[in-house]
Amino acid sequence: MIPFFKEVLMGIPFLVIYVVLFYHYHISRNSSYLMYFSLAFLSLGVGIMVEDAYLAGLAFFSSFFWIGVIQFLRRLGGFKGLNLKYLLYVAPTSLASYMFFLDRSEVITLVIVSLMLTLLAIMLAFKKVKLTSVFLVLLVLVSVFGYYSDLAKYLFVIIATTLGYFLIVETKIDLRKTILSPPSTGEELKLKPGVIFAETIPEDILKVALVFSRKPGKGERWFWVTKLKSSDVNTIEPTNLPKILSLAVDYLKKKGVVVIDCLDYLILENGFESVIKFMAHLRDYAVMHGSSVIILGPLEGLSDKEKVMLKRALGEEDV
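Per the working numbering: the sequence shown = residues 979 to 1297.
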């Protein structure tokens, strides 16, 4: 019983990291790399807690981590002259080596895992993700010995947990600061706080706004509201009002402008009552932080009664 509880305790930190990363994936808009990072640490946790599953955990970890890092680097712009998309096909290599060479020699799997993680550390270092890359190298050094030594396995758990911590910190910086911060234009937009109804919107406002639209657009602050998934543009499901609210509130807190160009579609998918409550929350945050939410387009799809209810809940201004 004692060895069992020891292994469970060693695996708990990885499960915590898995939960945190998966939660960030859930509340973020289109950050699939967080999902793969979370699955990587789940693999480590299972590999530590289940008897004789250490090598399998490493193989799954390196495969998921490879996909996560490649997707993360693509998010950061990648490398000039290198199509990172094709590197995704390398991910199953460690799993293949585990399945085909385990009975012959576990060293082959350990070498392949080490090479894959080392390459990832080098790529992360070039993109200035330094802390994660450093601890990834340390993890490579102790992972091989962890297969043969309990002492090295303890050290492996400590380093892998630290790696997970810095991974959470550095990916969170990417989500909150790099992507969701209003650009500095040097000019102050003169808009009244709260909700503004408009038929059209000036181009200078659209360039700096966080936009939710039925039309796909380019840029990190433009979200295509659709049920489809795309790796080329940011997408968000119309029924995921909590995620839309979270992204919009974060932007409003930074004095940004939020544009909603799909109010009728949100009502169609969620119902009028749910959307008016959602918009009322946005309006309150906009007023609190001196920011603006612009509802773009006509309200022709609403009945006269619904228009009155909406305007009473939100107020109406002209751009």
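Even glycine gets a Cβ: it sits at the ideal position worked out from N, Cα and C. Please read these numbers as outputs of a predicted model, since none were measured by experiment.
Cβ-Cβ distance between T1178 and E1148 below 9 Å
no
Can you give, in chain order, each stretch of the beta strand (DSSP E) that sits fully within the region 1210-1294 and has at least 3 residues?
1212-1214, 1235-1239 and 1270-1274
Looking at C-alpha atoms only, which residue of L1188, I1136 and K1205 is the closest neighbour of G1197?
L1188
Taking only the alpha-carbon atoms, compute the straight-line gap between L1106 and L1051 and give it to the nearest angstrom.
At residue 1106 the sequence reads Lys, which differs from the Leu that was named. Their Cα atoms are separated by approximately 11 Å.
Same chain, Cβ closer than 6 Å to V1047, five either side skipped, listed in chain order
L1098
Look up G1172 in the DSSP assignment and give the residues it is bridged to.
S1270
Between D1262 and K1205, what straight-line distance do the alpha-carbon atoms span, to the nearest angstrom?
28 Å
Whose C-alpha, out of K1232, P1276 and M1101, is nearest the C-alpha of L1065?
M1101
Spatial neighbours of E1215 within its chain, please: C-beta separation below 7 Å, excluding the five flanking residues on both sides.
K1205
Given a cut-off of 9 Å, decide if F1042 and F1078 are closer than it, judged by their beta-carbon atoms.
no
With H, G and I counted as helix, E and B as strand and the rest as coil, what does DSSP make of S1191?
strand
Exposure label - L1017; buried when at least 16 CB within 10 Å:
buried
Taking the straight line between their C-alpha atoms, what separation do you get for K1131 and V1211?
41 Å
Which residue marks the beginning of the beta strand (DSSP E) containing F1201, and which one marks its end?
W1200 to V1203
Should the region 1228-1243 be called in touch with the region 1268-1279, which here means at least 3 C-beta pairs below 8 Å?
yes
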